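Contents: one structure, followed by commentary.
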Amino acid sequence: MKYLDEFSDPELARRLLDDIHQTATRPWAMMEVCGGQTHSIIRHGLDQLLPEGIELIHGPGCPVCVTPLEMIDKALEIASRPDVIFCSFGDMLRVPGSDRDLFRVKSDGGDVRVVYSPMDALEIARANPDKEVVFFGIGFETTAPPNAMTVHQAHRLGIENFSLLVSHVRVPPAIEAIMTSPGCRVQAFLAAGHVCTVMGTDEYPDLAERFGVPIVVTGFEPLDILEGIRRTVHQLEEGRHELENAYPRAVQRSGNPTAIAMLDDVFEVVDRSWRGIGMIPASGWRLSEKYRAYDAEHRFSVTGIDTHESTVCRSGEVLQGLIKPHECEAFGTLCTPRNPLGATMVSSEGACAAYYLYRRLETPTLRPGAAAPKEVTSVG
Ligand code: SF4
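Numbering-wise (the working numbering), the sequence shown opens with residue 28 and increments by one.
Take a look at the structure:
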């Protein structure tokens, strides 16, 4: 299949791996930022083909996973209201809040709907003028532009019963937070190719320079990732720390100017809290003053949220790359995709879900004493 088979070619993969093996002379730790890259790495076993000592640390680039618990609880509160139709992508319905999830709200009679585009939610608002329609807008620079476009359209069309519950986050401030966190082991980054497709690469050379880390913009297919790793290892071995674009078929330095203009019009940069990590300055967006009337937090004034994190779940440590998912005691036993204790086991981009899908049978070996899971399922 075009663009898939050609980036999974075993002979080319072998050549890239040979280069990596010949180049690496000592241990290096690099972080793949995006959860989609994590899934590709684990699914194809790429980490197991690397020289011993080359470690891939899984980063916090799963949008569902980093959405703060307080925001999940606000979504649950808003979705429970009888006058509300609450729309979301499917992954969010199973993310545990403090005491329930959106599926529970739906089973209790709430009008919670899975949509495939924020524009579907706008259409629902147009068709239901007597209801308040809320779309749960989460994610990185990749999902922010269509959500911004939807608010722009609502404003243009005068659809006033639509609002956005916003929890958008930005990658570059997260890289800065990771590099300044105590005990940081990250020596290089594989930057998320799709984020750079939207935003371009101008924010990265300064980060590479300030923290002395190579940053290589990397795609998602096996050869894309191996090429990103190959270039990163070369930089590390040569003592360089530069921005490189290993995904030129999708990424241009200037990004997508139309999407960036839409983001600039609809959103403004704010400090955001990341689940499992905490507050990161200037790491997110909220609706700008011009569009504040479409902000669900503003419209519904949800206050008095008292959050309760699971005492078992270690997803914060997983998201910061401090532990691998199978090192969590609950992995594959108390916590599975069917009964997730944390968002990293729910999301199709979560590291715990990736290890459960592709590594769970190895877990007893990786973590002696753990029972092999009996359940076989998949994330939705
Ligand atoms: S395996 Fe489950 S409980 Fe453990 S960190 Fe992952 S999501 Fe949390």
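Glycine is no exception: its CB is placed at the ideal position from the N, C-alpha and C atoms. Every value quoted in this text rests on a predicted model; they were computed, and no experiment measured them.
- Residues Ala106, Phe113, Leu129, Val132, Lys133 of the same chain have their beta carbon placed closer than 6 Å to that of Val139, with the five preceding and five following residues left out of the count.
- For Asp135, the three-state secondary structure derived from DSSP is coil.
- DSSP, reduced to helix, strand and coil, places Thr245 within a strand of the structure shown.
- For Cys92, the uninterrupted alpha helix (DSSP H) segment begins and ends at 90-93.
- Taking the Cβ of Arg365 as the reference point, every heavy atom of the ligand SF4 lies at 7 Å or farther away.
- For Val240, there is no enclosing beta strand (DSSP E), as DSSP gives it neither H nor E.
- Taking 7 Å as the cut-off, one finds at least one heavy atom of the ligand SF4 near enough to the beta carbon of Arg341.
- Between the stretch 44-54 and the stretch 250-267 there are three or more inter-stretch CB-CB distances shorter than 8 Å, so the stretches are counted as touching.
- The beta carbons of Thr94 and Ser190 sit no closer together than 8 Å.
- Sequence-distant Cβ neighbours of Glu97 in its own chain, meaning closer than 6 Å and more than five residues away, are Ile332, Thr334.
- Taking a cut-off of 8 Å for Cβ pairs, the stretch 359-377 and the stretch 60-67 touch, as three or more such pairs fall below it.
- Residue side-chain check: Met119 keeps its Cβ at 7 Å or more from all non-hydrogen atoms of the ligand SF4.
- Sequence-distant partners of Gly305 (beyond 5 residues in either direction) whose C-beta falls short of 8 Å from its own C-beta are missing from its chain.
- Short note on Gly348: C-beta not closer than 7 Å to any heavy atom of the ligand SF4.
- Residues Thr177, Gln180, Ala181, Ile186, Phe189 of the same chain have their beta carbon placed closer than 7 Å to that of Leu149, with the five preceding and five following residues left out of the count.
- Under the 10 Å beta carbon count, Tyr231 is surrounded by 16 or more other beta carbons and is classified as buried.
- A straight line joining the alpha-carbon of Met119 with that of Gly266 spans about 42 Å.
- If you check the C-beta of Pro123 against the ligand SF4, you find no heavy atom less than 7 Å away.
- Contact annotation: the stretch 261-279 does not touch the stretch 156-169, with fewer than three C-beta pairs closer than 8 Å.
- Shown here for Gly166: same chain residues with a beta carbon closer than 7 Å to its own, the five before and five after excluded, namely Pro90, His195 in chain order.
- By the Cβ rule, the stretch 283-291 counts as touching the stretch 215-235, because three or more pairs are nearer than 8 Å.
- Looking at the backbone, the Cα of Ser337 and that of Arg41 are separated by about 43 Å.
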